[in-house]
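So the sequence shown is numbered by our numbering: it starts at 9 and just counts up by one. Where is the CB? At the ideal position from N, CA and C, for every residue including glycine. It should be emphasised that the depicted structure is a prediction, and the values quoted were computed from it without experimental measurement.
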Amino acid sequence: MNQKTLFESMQIGLDLGTWEITLDKDRIKERMRITQWQGAELIDGSDFAPPGTTIEIHPRMKFAKFPGLKAAIWAKSEHEFFKPMMVGSKVFIHGKVAGKYIKREKVYLVTEFEAVDENGEVLMISRETAVCVD
9 MNQKTLFESM
19 QIGLDLGTWE
29 ITLDKDRIKE
39 RMRITQWQGA
49 ELIDGSDFAP
59 PGTTIEIHPR
69 MKFAKFPGLK
79 AAIWAKSEHE
89 FFKPMMVGSK
99 VFIHGKVAGK
109 YIKREKVYLV
119 TEFEAVDENG
129 EVLMISRETA
139 VCVD
């Protein structure tokens, strides 16, 4: 897929779907290991997951929607946290395309994500801008 086709396929408002994950202890430990999260001792053994545990799902949602996308390099990332994520809870991440533009002959994709818990309470919202490579 060339840049023009990729850009055209990214319709503003396009739903990236909703993904469900369970924040079990194994997932949380693996996430802390990968990110080398330095606050691990603060939550180890508690009922809380590290802030942003679900952020790793965001690029997967983009790649699932745009299979021709080879890479999406973060140019900007904003996250707002409202409630802690709890170990053992189910979290639903919903995403959508919020904007797109071309700058210096590169395609930029702006996406928004919302993570909610099993009770429908918002845990986190994110707005990410990525440089796309097809």
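Residue nearest to threonine 26 in terms of C-alpha spacing, selected from Asp55, Cys140, Val139, Phe121: Phe121
From what residue to what residue does the beta strand (DSSP E) around methionine 132 run? 130-141
Per-residue burial, lysine 108 [other beta carbons within 10 Å of its own, 16 or more giving buried]: buried
Mind checking whether glycine 103 and methionine 69 have CB atoms under 9 Å apart? yes
Residues sharing a beta bridge with valine 118, DSSP: Gly107, Thr137
Contact defined as beta carbons within less than 8 Å: I believe alanine 138 pairs with alanine 72. What is the distance between those atoms, to the nearest angstrom? Alanine 138 to alanine 72, Cβ: 14 Å. No contact.
When DSSP builds the beta bridges, which residues end up paired with phenylalanine 94? Checking the sequence shown, residue 94 turns out to be methionine, not phenylalanine. Answer is Phe56, bridged to methionine 94.
Burial state of isoleucine 110 (16 or more Cβ within 10 Å): exposed
Straight-line gap, phenylalanine 15 to isoleucine 65 (C-alpha atoms, nearest Å): 22 Å
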